């Protein structure tokens with residue numbers, strides 16, 4: 115009688131444990147919430163340390179208390195700067211400037227006529243005045259701007275400044291009188307603030 119052999123079974127080995135943090139999916143599940151918490155804390159820190167200053171209840175009074183620097187305009191009044199400014203254009207696109215000062219015994223020497231563009235300081239012009247004798251001054255300037263452009267116009271010396279006209283076309287200033295003693299406070303205020311490093315076109 116033959117013996118039937120039974121197959122030999124190999125005992126199964128226990129599964130090796132897998133560390134959770136070695137799985138990329140685990141980092142994805144944990145990393146997104148962790149990054150959200152860190153970003154939220156950082157945003158909170160910015161909001162606390164970079165908050166805007168609250169607007170005061172008397173903001174209108176604070177704004178009105180800002181006093182513009184009018185020392186150069188005051189100096190023009192002390193000197194009694196007065197006269198007539200005339201501008202003419204030639205067919206060759208040249209602007210002719212004629213300035214006549216009223217003699218009053220003061221040593222008044224206008225050095226330049228400043229044309230301030232109402233919105234773009236890069237288009238400002240400084241026209242240098244040349245003496246012609248007997249209180250007359252003149253200048254020539256090539257026209258590089260569009261016809262009808264409006265300007266804030268001011269006459270300047272070494273230590274004084276006198277606004278002559280605001281938002282006027284040069285074509286309309288055929289004979290514009292000016293008198294520092296009659297200039298009103300609003301006219302003396304600068305039409306806008308220019309950058310400290312701004313240099314007008316020559």
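In my numbering, the protein residues as written are 115 to 316. Heads up, the beta-carbon is just placed ideally off N, CA and C, and yes, glycines get one too. Source: prediction; values computed, not measured.
Between which two residues does the beta strand (DSSP E) holding residue i run?
{"i": "residue 266", "result": "264–270"}
{"i": "residue 277", "result": "275–283"}
{"i": "residue 241", "result": "239–242"}
Leaving out five residues before and five after residue i in sequence, what residues of the same chain have Cβ atoms less than 6 Å from its Cβ?
{"i": "residue 250", "result": "214"}
{"i": "residue 212", "result": "200 and 252"}
{"i": "residue 284", "result": "201"}
{"i": "residue 231", "result": "237 and 238"}
{"i": "residue 216", "result": "196 and 197"}
May I ask you to list the residues that DSSP assigns as paired with residue i?
{"i": "residue 292", "result": "197"}
{"i": "residue 250", "result": "214 and 247"}
{"i": "residue 203", "result": "209"}
{"i": "residue 256", "result": "208"}
{"i": "residue 228", "result": "240 and 268"}
Looking at residue i: is its Cβ nearer than 8 Å to the Cβ of residue j?
{"i": "residue 198", "j": "residue 289", "result": "yes"}
{"i": "residue 229", "j": "residue 238", "result": "yes"}
{"i": "residue 225", "j": "residue 201", "result": "no"}
{"i": "residue 292", "j": "residue 196", "result": "yes"}
{"i": "residue 287", "j": "residue 257", "result": "no"}
{"i": "residue 295", "j": "residue 194", "result": "yes"}
{"i": "residue 266", "j": "residue 280", "result": "yes"}
Tell me which same chain residues have a C-beta within less than 7 Å of the C-beta of residue i, skipping the five on either side of it?
{"i": "residue 275", "result": "186, 187, 190 and 268"}
{"i": "residue 204", "result": "210"}
I'd like the list of long-range same chain contacts for residue i, defined as Cβ closer than 8 Å, with 5 residues on each side in sequence excluded.
{"i": "residue 254", "result": "208, 209, 210 and 211"}
I'd like the span of the alpha helix (DSSP H) that includes residue i, first residue to last.
{"i": "residue 287", "result": "Element bounds for residue 287: n/a, residue is neither H nor E."}
{"i": "residue 161", "result": "138–163"}
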